[in-house]
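In the numbering used here, the protein residues as written are 10 to 705.
Even glycine gets a Cβ: it sits at the ideal position worked out from N, Cα and C.
Values in this document were obtained by computation on a predicted structure and should not be read as measured data.
Scroll down for the structure; my scribbles are underneath it.
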């Protein structure tokens, strides 16, 4: 880039006296003169360059005009050439039309001629059959079998139209040759298949396509494909591998590969698979129902899995229906009565599992008559004795077994799986309901319900001594078992019936059996009477009148009575047992009922004695211990009842002057005056006029 300051500086440096070089005097005149001369030189140079620019501009304008003129001339030439091209195109179209017309005329002449030539050849070959001697090379040369096949096929069609009485002999000869050539072609196809010559197979198959024996050619191909294909034990895997291999080859050989492959699959199903299934099932059909059902399920599953693999092949338009019909043709005789076999086996197997269990317990199953649900509810409502016949001793046995339950549920689970796979979709909900009914009969009725009835019959009366309350163990196991039953209902039955009318029927059946068992469990849980009875026996046996009215008031060494210790120990065991036997809100409900009865028992028990001052203190200590025991219930109402009882016991020891103040305290203010009076009357000093006056 041009910089004026640098240019002037260089000019001054070159000029003598310019002052730019050291040691040289500055001469402004010489520098001015040099600048003036240099300006004149620049002006001359500018004029010269300007003239050159003008000359180049003129030359450029001249060339632009010449170029524009040349472009116009080229456009005119191009237009002329385009007109010539259009004329040539029209001429070519005209000539092409003439040629096409001429071709049509030639074809119209040539086609009858070709037909005539073809007819002449066929007449020539027909004459050879009439004469009885085949001389043409096409019939004698084995290498020309393809041409011979084409000719004999046409002659065979012509012979069909000839009258039998005049041409019976020649028709017979043509038919014989037709048959011979057909056999030769099939033999050639067979040989080519064994040699693995796909191109030759394709060629021969194309020739045979117009022969009646084409289907026989396909049959031969299918037969040879299966040679050596089923050597392993797994016929289903062998079939899948064979179809995979043939699927790759059949398109290279036949013009209709989907038909040939479908025929191969049909042959495999109707011959190999049907025979294999029959051998596997007929062996156990009448002798071993369990193995028969397992084999039927396994074979049907493997067959449908094979069908799923075959769906990826091209078998025509509706391959799903085609494969379904093949499967049905194999299993139809077994599936028709499947559910009857299933129910029969399930019934026998379930009965055997139960009987084996009862035999292991050396228990002869009793026949216990049971009323309806309403009858059971009425017995509960009236709180009557359990009318189940004479009480029996179960020796602590619950007659419930998780092993039995697991076996029954496992058998039913397998039955549901088989039902899902083997049942017709329209029959599936109905069949599933029948299996569920078997489960209800043997698990719920024959096992759980029987155990409940036996447990109820074994409940001792409330006045029995040293009674063992095993029914809570029955409750615990029945609860666990029913959770398993409910899980199977949701996991395995619901998917089979969820969209059918059978759903409501199953839910109702389940509801009925639950309600019936809950009523019996409720009846059994009324063993609380027995618990209270045991507590009464303990109190009657251990509590002495002298406990609360000791002979020596100053020499009482115990903190609470022996009866209290034993009752609390017994109650704690029962509370723990109830918690282990139940779950959810049932625990709180039963513990509340037991706690209320426990309180009533202690309340009534305390009112049987008279209390000295020290005896009253001991009674307060006993009630305090009972209150500690009540805390284990974790029920607010029960704890409140014992708090109030503890406050009442204070009336046994409080000074007479303070009775009114204690009675008006927070815990006793709301109690009936008769209750307060009844406790005050238990004091040995109640007869004194001073105490009676203070309380009144």
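{"Item": "Own chain, CB closer than 7 Å to residue 260, minus 5 neighbours either side, in chain order", "Value": "266"}
{"Item": "Which of helix, strand or coil DSSP assigns to residue 209", "Value": "helix"}
{"Item": "DSSP beta-bridge partners of residue 375", "Value": "DSSP, once it has assigned bridges, lists no residue as partnering residue 375."}
{"Item": "Residues sharing a beta bridge with residue 692, DSSP", "Value": "620"}
{"Item": "For residue 584, the first and last residue of its enclosing alpha helix (DSSP H)", "Value": "571-590"}
{"Item": "Beta-carbon proximity of residue 239 to residue 315, cut-off 8 Å", "Value": "no"}
{"Item": "Inter-residue spacing [alpha-carbon to alpha-carbon] between residue 394 and residue 528", "Value": "Any reading at residue 394 must be qualified, since the residue scores a pLDDT of 43, below 50, and its modelled position is unreliable; the value itself is stated next. Cα to Cα, the separation comes out at about 14 Å."}
{"Item": "Alpha helix (DSSP H) segment containing residue 648, residue limits", "Value": "645-658"}
{"Item": "Buried or exposed (CB count within 10 angstroms, at least 16 for buried), residue 105", "Value": "exposed"}
{"Item": "Buried/exposed call for residue 465, threshold 16 Cβ in 10 Å", "Value": "buried"}
{"Item": "Boundaries of the alpha helix (DSSP H) in which residue 335 is found, first to last residue", "Value": "328-344"}
{"Item": "Same chain, Cβ closer than 8 Å to residue 648, neighbours up to 5 away in sequence not counted", "Value": "636, 639, 640, 642"}
{"Item": "Under the three-state DSSP convention, the category residue 468 falls into", "Value": "coil"}
{"Item": "Buried versus exposed call for residue 458 [16 or more other C-beta atoms within 10 Å across all chains shown]", "Value": "buried"}
{"Item": "Pair within 8 Å by beta-carbon distance, residue 439 and residue 511", "Value": "yes"}
{"Item": "Alpha carbon of residue 435 to alpha carbon of residue 282, nearest angstrom", "Value": "26 Å"}
{"Item": "Endpoints, alpha helix (DSSP H) assigned at residue 672", "Value": "668-672"}
{"Item": "Cβ pair count under 8 Å reaching 3, the region 445-456 against the region 541-559", "Value": "no"}
{"Item": "Range covered by the alpha helix (DSSP H) that runs through residue 369", "Value": "347-369"}
{"Item": "CA-to-CA distance, residue 570 to residue 542, given in whole angstroms", "Value": "19 Å"}
{"Item": "Cβ neighbours of residue 418 in the same chain (closer than 8 Å, five flanking residues each side left out)", "Value": "448, 452, 493, 494, 497"}
{"Item": "Simplified DSSP state of residue 255, which is helix, strand or coil", "Value": "helix"}
{"Item": "Given residue 421 as reference, the closest of 302, 433, 683 once Cα atoms are compared", "Value": "302"}
{"Item": "Buried or exposed by the 16-neighbour rule on C-beta atoms within 10 Å, applied to residue 678", "Value": "exposed"}
{"Item": "Among 14, 290, 354, the one whose alpha carbon lies nearest that of residue 342", "Value": "290"}
{"Item": "Completely contained alpha helix (DSSP H) runs for the region 258-334, where each covers 4 or more residues", "Value": "266-276, 283-291, 298-319"}
{"Item": "Short Cβ contact (8 Å threshold) for residue 344 with residue 252", "Value": "no"}
{"Item": "Option nearest residue 35 by Cα separation, candidates 42, 441, 25", "Value": "25"}
{"Item": "Contact set for residue 726: own chain, Cβ-Cβ below 7 Å, skip 5 residues either direction", "Value": "Residue 726 lies beyond the range of the chain shown here (10 to 705); nothing can be said about it."}
{"Item": "DSSP three-state assignment for residue 662, whether helix, strand or coil", "Value": "coil"}
{"Item": "Per-residue DSSP class, three states only, for residue 248", "Value": "helix"}
{"Item": "Within 8 Å, strictly: CB atoms of residue 220 and residue 210", "Value": "no"}
{"Item": "Limits of the alpha helix (DSSP H) - the one that residue 546 falls within", "Value": "537-551"}
{"Item": "Run of the alpha helix (DSSP H) containing residue 424, from where it starts to where it stops", "Value": "411-431"}
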